[in-house]
Amino acid sequence: MAQASARHILVSTEEKANELKAAIEGGSDFAQVAKDNSSCPSARMGGELGTFGRGQMVPEFDQVVFSAPVGVVQGPVKTQFGYHLVEVTARQD
1 MAQASARHIL VSTEEKANEL KAAIEGGSDF AQVAKDNSSC PSARMGGELG
51 TFGRGQMVPE FDQVVFSAPV GVVQGPVKTQ FGYHLVEVTA RQD
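Counting in the UniProt record's numbering, the sequence shown runs without a single skipped number right up to 93 at its last residue.
Now the structure itself:
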């Protein structure tokens, strides 16, 4: 069964997500940006979500995690929770 590890940043607006993505692409540390900005409880761990299988996350999130290249920040990804920046840190298909 496919497994992935990922980290994310959750914010309420697409504009904020784009702003944070630009900061990360400009050299800001993903974990620090997550700690400072994410509204998810995972923020205190730098956005780390651990390892999970296909179907354990909401569909929009799942689709990105199981198709995006490892180590590349994706998003904003809109879900019922808000806007996510997602980085797949490992995946086994």
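Virtual Cβ for every residue (Gly too), placed ideally from N, Cα, C. These numbers come from a predicted model, not from an experiment.
For V64, the three-state secondary structure derived from DSSP is helix. Residue pairing by DSSP puts E87 in a beta bridge opposite R7 and V73. Contact check for T79 and F61: beta-carbon distance about 6 Å, within the 8 Å limit, so the pair qualifies.
In this structure, L10 sits away from S28, with a CB-CB distance that is not shorter than 9 Å. Nearest to M57 by alpha-carbon distance, out of V73, G71, V77 and P69, is V77. Going by C-alpha positions, Q92 is about 27 Å away from A17. Each residue's CA atom was taken as its position, placing G53 and G26 some 31 Å apart. Between the C-alpha atoms of M45 and L85 there is a straight-line separation of about 15 Å.
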